[in-house]
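Numbering (the numbering used here), first residue to last: 4 to 583.
Below is the structure:
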C-alpha cells in the first residue's frame, strides 16, 4: 500500500491531556489549563469577577429550580442551600438524560463537581448538574450496557418508533411497564451469571445490592412520565437522597426557568456578535486542522443561527428545526427561517439586528452545542465546567469564540477517568497470567498505586503527579499490549486455517482451538476491564452503566468511590484504578 507520509489527524482531547507539550496551541484553544483541582479553583476565583449577573433574574431562577426539583422529589435542604449560593460562582457538569440514567461517567462527573464545591474557599461555590434534555432522541441515549459473559456486554435498549428519532428526549414517553420488567430480569440473570464463581455469602451481598438498585429504578419509573424525568429522578435519588450531596439539577425543559435564558440567546443572535462568533469558531477550526487535529464542530455558514426552533404542531412533538439567518436588505432587521423535517411546516420570524426580542418564540427554542454554555452563563456565573473527552473538543472551539466577544467563560477541567476491578475481572486476569498475557493485576502496577497512596498521605504534589502519570501509562500500555497480542493471535489463527485447508492435521486443529480460546479470553478482558466492546471504545465508566459499580460496591458506597478521587492535588485529565 502506498504511504503518502501524511499523519492521521489526532483527537483534540489528546492535546488537552498533554497540553504542556504544545502549551501555546492549548492555551489558544482552552485558555490557561490548570494542573490540578487547586489550580483550577485559584483560576476560577478570578473568573467570577468578570461576570455581571442580574440578581433579580438569578433569584427568579433559584425560586423556579427549587419548585421544579421539589416536584421531582430530589430537593433536599442541602440542594436548597447550594441553590442559594449560585451567585457566588458555580461548578458545572452536564449530560443528556438516557436509558436508566446512563453510564457510570455521569455519577463521576457529579461527584467531581460536588467535591470541587466542597474544596472551594469556605465551600462557597455551588455545584450544578445541567440536564441537556433538549437533545434529540438517538441511539446513544436509548442504550445502556453492562459487562457480561460476552465481549459485547449485556445491552438494554428503550424501544422507539422510527418517527421518534430527532424529537427532544424530554418529549419521549417512558417505555411500557412490561419492558421494564423484562429489562430488569435480563440484568438480574446477567449478574447471576457473572457472580456464579463467588462464595455464596459474597454472591448474596452483591445480589442484595442489585435489589436496592432495582428499587430506585422502579420507584422513579412509576413517578415519571418521560425518559428525561425518569433519568433525572434516578440520578437525583442516588446523589441527593441516598448520598445527600445536595447537588441541584438544572433541567433545560423545566417550564418555570426555560424563559430566563432569553438574554443569552439574544446576546448571541444580535449583530455584530453573531457574525463575530461564527468567524471566531471558523478561524479556530482552521487552526485546529492546520495543527493536525480533528475539530469537534464543523465550519459554520454565514447563515448560522445559535439556537434551534421546535415545531409547534402537536403531532411533531416539538421536533427541532435548524434555522438560517438572513438580513432584510434596506432595513435594520433580519429574519430566521426553517422547515420542520417531519411535517414540512415553514417558520419565519423577523427581529432587530442590534436589539432582537425573542419573547415570541422563547418557549420554543433550544441551544446548540456551541451556544449552550454562553446561554447558561447569561444567568449563572459558571466558573468551571467539568467534562470529558468529547466536551474537551467542543470547548476548544467555543472558548476562543467567547473570548472574541469579551464574555466571561468557565475553565474547562477533565474529570478523572476511573477503571475498577470486579470479581470476574480478577478471574479473567488470573487466566491471562497463566497464558503469559498481561493484565492490570501485576506487581509494578500495584506499586504505582502504593506510591500514589503514600504521596497523597504526605500531600506531595510532585510525587502525586508522578504516580498519576505511572498509573495512566500502565493502564494504557496494558490495553495497547493486549490489542497487539490480539492482532497477532488473529493473524496466527488465519494462517492455521489456511494450512488446514491444505492439510487436515489433528495437532493443528488443537492449536487452532487453543488460540481461539485465548482470543476469546483477551476480548472478554478488554471488554470487561477496559470497556472495549467495540474497537473505538475505551473506559469502563464510559461504556458501562452506573449499575455495574453499584452491584459490587452498594449504592451507599457508589458516590464515595468517585468522591475519594478528588482532592486538592487531583491531576487534571488523568486516570485512576479502584480495587472494589
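Think of the CB as a built atom: it goes at the ideal place given N, C-alpha and C, for glycine as much as any other residue. Source: prediction; values computed, not measured.
- Taking the Cα positions, residue 130 is about 57 Å away from residue 498.
- Judged by beta-carbon spacing, residue 549 lies within the 8 Å limit of residue 106, meaning their Cβ atoms are closer than that value.
- Under DSSP, residue 310 takes part in a beta bridge, and its partners are 370.
- Taking the Cβ atoms as the reference, residue 427 lies roughly 5 Å from residue 197, within the contact range of under 8 Å.
- Within the DSSP secondary-structure output, residue 158 pairs in a beta bridge with 148.
- Nearest to residue 303 by alpha-carbon distance, out of 254, 277, 231 and 324, is 277.
- Residue 310 has its alpha-carbon roughly 32 Å from the corresponding atom of residue 243.
- The residues 263, in chain order, have a CB closer than 7 Å to that of residue 63 in the same chain once the five nearest residues on each side in sequence are set aside.
- Here the C-alpha atom of residue 246 lies approximately 48 Å from the C-alpha atom of residue 357.
- Residue pairing from DSSP places residue 96 in a beta bridge opposite 132.
- When beta bridges are read from the DSSP output, residue 229 appears opposite 176.
- If you look at residue 325, you'll find it isn't in any alpha helix (DSSP H); it sits in the beta strand (DSSP E) that goes 323–330.
- The shortest CA-to-CA distance from residue 565 to any of 82, 577, 436 and 115 is the one to 115.
- In this structure the stretch 311–327 lies against the stretch 339–350, because at least three pairs of beta carbons, one per stretch, are closer than 8 Å.
- For residue 417, the enclosing beta strand (DSSP E) stretches over residues 414–417.
- The three-state reading of DSSP puts residue 494 in helix, counting H, G and I together.
- As the crow flies, the alpha-carbon of residue 523 is around 35 Å from that of residue 238.
- If you draw a straight line from the Cα of residue 194 to the Cα of residue 168, it comes to about 31 Å.
- Remark: C-beta atoms of residue 81 and residue 249 approach each other more closely than 8 Å.
- Here residue 295 is exposed: its Cβ has fewer than 16 other Cβ atoms, across all protein chains shown, within 10 Å.
- With respect to the C-alpha of residue 17, the residue from 234, 41, 162 and 298 having the closest C-alpha is 298.
- When only Cα atoms are considered, residue 265 and residue 406 end up about 21 Å apart.
- Relative to residue 241, the option among 381, 181 and 110 whose CA is nearest is 110.
- Under DSSP, residue 578 forms a beta bridge with 420.
- Judged by DSSP in its simplified three-state form, residue 297 adopts strand.
- The three-state secondary structure of residue 34, taken from DSSP, is coil.
- Annotated as distal: residue 256 and residue 350, with beta-carbon spacing of 8 Å or more.
- Residue 341 is bridged by DSSP to 350.
- For residue 390, there is no enclosing alpha helix (DSSP H); the enclosing beta strand (DSSP E) covers residues 385–390.
- According to DSSP, residue pairing for residue 106 in a beta bridge involves 548.
- Residue state for residue 254 is assigned as strand, using DSSP reduced to three classes.
- A Cβ-Cβ contact shorter than 8 Å links residue 273 with residue 359.
- Three or more Cβ pairs drawn from the stretch 92–107 and the stretch 140–160 lie within less than 8 Å of each other, which places the two stretches in contact.
- With a 10 Å radius around the Cβ and a threshold of 16 neighbouring Cβ atoms, residue 57 comes out exposed.
- For residue 527, the enclosing alpha helix (DSSP H) begins and ends at 509–533.
- Exclusion of the five residues before and after residue 430 leaves 200 as the residues of its chain whose Cβ lies within less than 7 Å of its Cβ.
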